[in-house]
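The numbering used here puts the first residue of the sequence shown at -3, with every later residue one more than the last.
Below is one structure; the comments refer to it alone.
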Amino acid sequence: MNALQYAQNVQELFSLPDSYFRVKELMDSDTANLDDIADVILLDPVLTSKILKLANSAVYRLPYQVETINKALLVLGKTQVYNLILSIGISTACSKLNTQAIDTERFWEQSVNAALIAKYLAQRIGLKHPDRSYVSGLLHNIGELVVVQQNADVAAACQEYTDEMKPWQLQQKLLGFSYAACGAELLNMWQLPDSIVEPLALQNNTHYEARSLDVLVVHLAVRLALANQHPELYNMQTLVDPYLLEVLQLAQADLIKAIDFCNTEGLFVLSILNPRISTIY
């Protein structure tokens, strides 16, 4: 099977919450206002709670408390709240899947780390929508969950990467495609915005000159998250091309700060997106 066929086979297993589709419909409407969107979100108490917890965390660094969904929409804006709902909804759907064949702690830690690093770097270089980078980073490895539902043995084998055989190289060798390609196919079927899907799809591409800054940020974030999680295998020097830092106008000190940020906030974000995993730490 190819990446698209894998993604097509799990469509029914991955189901986003109804609130996500209702909010998206309202956001695409010319007549809906913030109150209409808030009313839909408030119908889901768990979603409401998670949005407010994240909005009041250091991830957003707001100078004051956000106590209501209406205020979250006003302060963060519709797009950022939409991205929050998307990340929460997909994380909830993923947490219900059968993942016994893979190390779920590793999966979630790497996903959250990439998300936080991507957001930090996007803000650092002044991207207009750093939340998009956050979502792309969070979902960068969702293809692994697609594969493990259908081919647990291969998914388990794909975890045996080494310092010489990077994860995406091993995936390509064993499957004929990377998790990035498979994840992008699934997100396209969900009709997620190209601004979120493209950085995920191109995360392993090293043709830096032809890529947008959003793509380059996620590419860098995924590698930093991998180095942070596996210091026994990788480091920034072996995974990060110095030319990429020139293109993004970043210094080594910026990368260290990004990793520090994800290490500081990662457990909190993980406790919201997947409480079952966070209790292990």
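Just so you know, even glycine gets a beta-carbon here, dropped at the ideal spot from N, CA and C.
Relative to Leu198, the option among Ala247, Leu188, Gln187, Val213 whose CA is nearest is Val213. Membership of Glu181 in the alpha helix (DSSP H) is indicated by the continuous run 175 to 185. The beta carbons of Pro13 and Asp32 sit no closer together than 8 Å.
Beyond the five residues adjoining it in sequence on each side, Ala152 comes within less than 6 Å, by CB distance, of Ala97 in the same chain, given in chain order.
Counting C-beta pairs with one atom in each stretch, the segment 156 to 163 and the segment 116 to 127 have fewer than three that are closer than 8 Å, which means they do not touch. Contact holds between the segment 258 to 267 and the segment 54 to 74, because three or more Cβ pairs, one in each stretch, are under 8 Å apart. Between Leu69 and Ala114, the gap from beta carbon to beta carbon reaches 8 Å or more.
Pairing Asn109 with Gln225 gives a Cβ-Cβ distance under 8 Å.
Following the DSSP letters along the chain, one finds Val143 inside the alpha helix (DSSP H) bounded by residues 138 to 144. With fewer than 16 other Cβ atoms from the protein chains shown falling within 10 Å of its own Cβ, Asn29 counts as exposed. In this structure, the straight-line span from the alpha carbon of Leu216 to that of Leu188 is close to 22 Å. The residue from Thr202, Cys178, Ile255 with its alpha-carbon nearest to that of Asp237 is Thr202.
Three or more beta-carbon pairs separated by less than 8 Å link the segment 176 to 186 to the segment -2 to 7, which places the two stretches in contact. Tyr239 sits in a helix when the DSSP states are folded into three classes. Boundaries of the alpha helix (DSSP H) harbouring Ala151: 148 to 153, taken from the DSSP string. Non-local C-beta neighbours of Leu229 in its own chain, meaning closer than 6 Å and more than five positions away in sequence, comprise Asp159, ordered along the chain. Note on the segment 36 to 107: there is no whole beta strand (DSSP E) run with a minimum of 3 residues.
A direct Cα-to-Cα measurement between Val142 and Val6 gives close to 7 Å. In the same chain as Gln106, and ignoring 5 residues on each side of it, the C-beta atoms closer than 8 Å to its own belong to Asn137, Ala221, Leu222, Gln225, in chain order. One Cα belongs to Leu244, the other to Leu112, and the distance between them is close to 17 Å.
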